[in-house]
Amino acid sequence: MNRIGRNDPCPCGSGKKYKQCCALRNEAAASGSPITHGGIADIYPTLQAALGYHQGGRLAEAEALYQQALTLSPDNFDALHLLGVLMHHTGRHARAVELIEQALTRQPDFAEAHSNLGEAWRALGRLENAEASYRRALSMKPEYAQAHYNLGLTLHAQGRQDEAIGAFQHALQINPQYPDALLALTRLFQSAGELKKALLTCQRLLQIQPNDDANWHLYAGIVALLSEEALDLVDESSLQQAFSKESLDPQKLERIATAIICRDPQIQTWLHVANQKTDAIGQFAHTWTTGDLDRIFAMPLLLAVLEQTLVTDYRLERLLVVLRQGLLALGTEDGGHVSPIIERFAIHLSLQCFANEYIYVVSNEDETKLASLVAKVVASLNKQEPVPALFVALLGCYQALYKYPFAAQLSVLKWSDANVDALLERQLRQPLAEESIKADIPNLTGIADSVSQAVRQQYEENPYPRWKRRGKLRAGISLREALRQRLPYHEFPEQMPAAPHILIAGCGTGSDAFQVAQSFQHADILAVDISKTSLAYAIRATKEFGVHDIDFRHADILELGKLDRRFDVIVCSGVLHHMHDPMAGWRVLTGLLQPDGYMNIGLYSRRARREVSALRQVVADKGYPATREGISRFRRDVMEGEAGIEVGNISISPDFYSTSACRDLIFHVQEHVYSPLEIQQCLDELGLEFLGFEYANPLIRGRYLARFPNNPACDSLPNWDIVEEENPEIFAGMYQFWVRKRN
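Dropping the structure here:
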């Protein structure tokens, strides 16, 4: 039999230790004290045993003993109250209400019982009753932190967000180390767009619970939305620690991390040098041997950004270009003998160049020096002499290592430095593994459409997006719950497929497939794409993160109508608008959807893409080719004001900073754009019902509600057309929305 320890938490939910709560009551019962309210000494051992089982999670045994205690003493307050708590814990909330209310007729001034009654009412959805119970508890015990917290949850559920914030803050005034209240408050601030407050609250939460992945995931979501005005509030140690968390997508941290790097006084000095038209390389070369740059080369945040993310700041990009040129000159001049600090930085810079797919412009002087370096490496390999790690890093700064003719010789060399091994893994082993995978990818359909063939060729050459990680693999949730989280104002059937069949139509490099596998429990996922290079990347990357049961196939959406299958969920993001006839593809997908299925679609916004459309016209007028060299030259001309168009907001887009992404953004062979009204026309033609958008930023929904407060579901596309006309940048990424077949 489990016996509850006197220092254990009391099962009644008071937040006190057992010895400070129900133990006193039970001991009083044993001694015949008047506070027992019908208790007799004989039930004390029974209650003690029941509490032990309750505390230990053996709820069936605890319930039996509580019932036995009530047989001995039907009016005993503690037995009634604690059995009511147990009923709530086991989902029998109505019975919990009956028992706790019965207990309160014996002792109406017990604050913890009123709070527990509120919990049972809240579980039943009776929010007004729950609120009344919590307020009754607080009237008796104003400093009851847990009751303030529970009241906050109830107010939040009622849409009374300001009052909910006040309740959570009151709980924290009583107990500043209350993690649940900090978490709830952080989420409320984030959803309200009060990101500075959300950041500060979340950083407090991380100090208390530094090992909770969910907290770090919340933190990354906040950091991704911060403006540079909040830089002074960012705790750099927390930001640095976030880069070590496998549960996070590091790209969410990059923009703020880069802003912090760029405001460093020494970095700012060199940013100015790199921005000049004078001999920046000469100025840098003068400092190599003095060690003046060592602090920059060893900056932990900079190294983390280079190794784990894609740099999306043109100021830092210019500096990195100059540093690459300077390192190449250094390497060819002194035989690769440099300090460990410089060598490590060169390796991380090489990883960055691989991540951006060598989008930096290469000068004629660079090409000459690179040819000299290649000759030195070949000579060393032929003589079976060691190749300096700096040489390997510099090669990888200008071309992926697997593309050099001597890649096989590099792969068998031994280095003691783990950083070199990481470089070889990323630039050599993984790409070669993808080449092997590609040969075995099964074909599901043919590809006959001419535009489909052109799109396929683009993604064979430049698979997109290239992702390192999208977070740690976690268990998904039921289809109904996953949809409720995304569309909280819509009703869903109680019975939905336990193992939904999901089609990802146009899975690209697998990022969406990975996220779907994490979102939906027991899902049977078919992921198709037009590019085998993209599929090979997807298979390698998803398996690397523990996902082995996605069925990846080579197929054209236009040909999928031949499948003898129907799907509960279809995801097609960023694909239809690249077809010659998007409606033809959308009709095929609609035909594959179960009558009660759901579809997630991503389309470009006409208003948000105005600047991109202008840039596409510049590309067409000036004849920039859709090659790495052409894309690099176009970007250089835009950033230096030589393309006849302002950089504008395009420099904010992360897609401007890698070859495949920039090609997808500006050089794509086919693109269609839409407005909310045009989407409505498509849905009417297809017999689909609009359910709502997904929002990258919670402020987007806030702008809709400010304009149309009587439509909390935010499910009117004509209304959205008005909101977007007034805020043309709110869908700068894409419209991402859910639909279903009309009844």
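Mapped onto UniProt numbering, the consecutive letters of the sequence shown carry residue numbers 1 to 743. C-beta atoms are modelled at their ideal positions from N, C-alpha and C, and glycine is treated no differently. Source: prediction; values computed, not measured.
**Prompt:** Counting pairs of Cβ atoms below 8 Å between the stretch 592-601 and the stretch 613-629, do you hit three or more?
**Reply:** The stretch 592-601, when compared against the stretch 613-629, does not touch it at the 8 Å Cβ threshold.
**Prompt:** Where DSSP assigns a beta bridge to GLU194, which residues make up the other side?
**Reply:** Beta-bridge pairing links GLU194 to no other residue.
**Item:** Inter-residue spacing [alpha-carbon to alpha-carbon] between GLY591 and ASN600
**Value:** Looking at the two C-alpha atoms, the distance is approximately 14 Å.
**Request:** Check the DSSP bridge columns for LYS503 and list the partner residues they point to.
**Result:** In the sequence as presented, Lys is not what sits at residue 503; that position holds Leu. Looking at the DSSP assignment, LEU503 forms a beta bridge with LEU526 and ILE570.
**Asked** So, SER605 versus TYR735, is the Cβ gap smaller than 7 Å?
**Response** Taking C-beta atoms as the reference points, SER605 and TYR735 count as a pair closer than 7 Å.
**Request:** Identify every residue that forms a DSSP beta bridge with ASN443.
**Result:** Partner(s): HIS554.
**Message:** At the level of alpha carbons, what is the spacing between LEU188 and THR201?
**Reply:** Note on geometry: alpha-carbon atoms of LEU188 and THR201 lie some 10 Å from one another.
**Request:** With DSSP as the reference, please indicate the residues paired to TYR674 in a beta bridge.
**Result:** Answer is SER605, bridged to TYR674.
**Request:** Compare the C-beta of ARG742 with all C-beta atoms of chain D and state if any pair is closer than 7 Å.
**Result:** The structure shown contains no chain D, having only a single protein chain.
**Request:** Return the chain-ordered list of same chain residues with a C-beta closer than 7 Å to the C-beta of ASN711, the five sequence neighbours on each side being excluded.
**Result:** Take ASN711, set aside five residues on each side of it, and the residues of its chain with a beta-carbon closer than 7 Å to its own are ASN719, in chain order.
**Message:** Please state the DSSP three-state secondary structure of GLN107.
**Reply:** GLN107: coil per DSSP, three-state reduction.
**Prompt:** On the premise that SER237 lies in contact with TYR464, defined as a C-beta separation below 8 Å, what is that separation, rounded to the nearest angstrom?
**Reply:** Taking the Cβ atoms as the reference, TYR464 lies roughly 34 Å from SER237, outside the contact range of under 8 Å.
**Asked** Is the stretch 332-350 in contact with the stretch 383-403, if contact means three or more CB pairs nearer than 8 Å?
**Response** The stretch 332-350 is in contact with the stretch 383-403.
**Prompt:** Where ARG636 and SER573 are concerned, what is the direct C-alpha to C-alpha distance, given to the nearest angstrom?
**Reply:** The alpha-carbon atoms of ARG636 and SER573 are separated by roughly 30 Å.
**Prompt:** Skipping 5 residues on each side, what residues in its chain have a beta carbon closer than 6 Å to that of SER534?
**Reply:** Taken in chain order, the residues that qualify are TYR459, PRO463, GLY508 and THR509.
**Prompt:** With distances taken between CB atoms, is the gap from ALA69 to LEU47 smaller than 7 Å?
**Reply:** LEU47 is positioned such that its CB atom lies closer than 7 Å to that of ALA69.
**Request:** Tell me whether the beta-carbon of PHE514 lies closer than 7 Å to the beta-carbon of LEU479.
**Result:** Taking 7 Å as the Cβ cut-off, PHE514 and LEU479 do not qualify as a contacting pair.
**Prompt:** Measuring CA to CA, which of GLY506, VAL547, LEU328 and ALA541 is closest to ALA523?
**Reply:** The option with the nearest alpha carbon to ALA523 is VAL547.
**Per-residue DSSP class, three states only, for ILE296** = Of the three classes helix, strand and coil, the one that applies to ILE296 here is helix, per DSSP.
**Request:** Note the first and the last residue of the continuous alpha helix (DSSP H) segment covering GLU246.
**Result:** Judged by DSSP secondary structure, GLU246 falls outside any alpha helix (DSSP H); it is assigned neither H nor E.
**Prompt:** So GLN518 is in the alpha helix (DSSP H); what residue range does that whole segment cover?
**Reply:** Under the DSSP assignment, GLN518 falls in the alpha helix (DSSP H) whose first and last residues are 511-519.
**Asked** What residues in its chain sit with their C-beta under 8 Å from that of GLN430, if we drop five residues either side in the sequence?
**Response** Closer than 8 Å at Cβ, skipping near neighbours: ARG540.
**Request:** Compare the C-alpha of LEU320 against each of ILE267, LYS369 and GLU367 and name the closest.
**Result:** Selected option, being the one with the closest Cα: ILE267.
**Item:** Buried or exposed (CB count within 10 angstroms, at least 16 for buried), SER33
**Value:** With a pLDDT of 37 at SER33, under the threshold of 50, the modelled position of that residue is not reliable, and the figure given next carries that caveat. Looking at its Cβ environment, which holds fewer than 16 other Cβ atoms inside 10 Å, SER33 is exposed.
**Item:** Distance CB(GLU611)-CB(ILE650) smaller than 7 Å
**Value:** Taking C-beta atoms as the reference points, GLU611 and ILE650 count as a pair closer than 7 Å.
**Request:** Using the Cα positions of LEU665 and ARG255, report the straight-line distance between them to the nearest angstrom.
**Result:** Whole-angstrom Cα-Cα distance: 19 Å.
**Request:** Identify every residue that forms a DSSP beta bridge with residue 784.
**Result:** Any property of residue 784 remains undetermined from this structure, which presents the chain solely from 1 to 743.
**Asked** In terms of residue numbering, what span does the alpha helix (DSSP H) encompassing GLU724 cover?
**Response** Where GLU724 is concerned, the enclosing alpha helix (DSSP H) starts and stops at 717-726.
**Item:** For LEU328, the nearest candidate out of GLY291, LEU302, GLU307 and GLY282 (CA to CA)
**Value:** Of the candidates GLY291, LEU302, GLU307 and GLY282, the one whose C-alpha sits nearest the C-alpha of LEU328 is GLY282.
**Message:** Run through the DSSP bridge pairs and tell me what TRP415 is partnered with.
**Reply:** Answer is none; TRP415 lacks a bridge partner.
**Request:** Please list the segments of the alpha helix (DSSP H) lying wholly inside the stretch 582-669, counting only runs of 4 or more residues, in order along the chain.
**Result:** Taken in chain order, the unbroken stretches of alpha helix (DSSP H) that lie wholly in the stretch 582-669 and span 4 residues or more are 582-592, 610-622, 628-639 and 659-666.
**Request:** Measure how close the beta-carbons of TRP738 and GLY702 come, nearest whole angstrom, since I'm counting them as under 8 Å.
**Result:** Contact between TRP738 and GLY702 fails: their C-beta atoms lie close to 19 Å from each other, not under 8 Å.
**Item:** Nearest to PRO74 (by Cα), restricted to the options GLN495, VAL97, GLU61 and ALA103
**Value:** The shortest C-alpha separation from PRO74 is found at ALA103.
**Prompt:** Taking all protein chains shown into account, do 16 or more other C-beta atoms lie within 10 angstroms of the C-beta of ARG466, making it buried, or fewer, making it exposed?
**Reply:** For ARG466, the number of other beta carbons within 10 angstroms of its own is at least 16, and it is reported as buried.
**Prompt:** Between the Cα of ARG204 and the Cα atoms of GLU228, SER191, LEU233 and GLU229, which residue gives the shortest distance?
**Reply:** Closest option to ARG204, judged by alpha-carbon separation, among GLU228, SER191, LEU233 and GLU229: LEU233.
**Message:** Judging by CA-CA distance, which residue of ASP549, ASN211, LEU239 and LEU72 is the nearest neighbour of LEU199?
**Reply:** Nearest of ASP549, ASN211, LEU239 and LEU72 to LEU199, Cα basis: LEU239.
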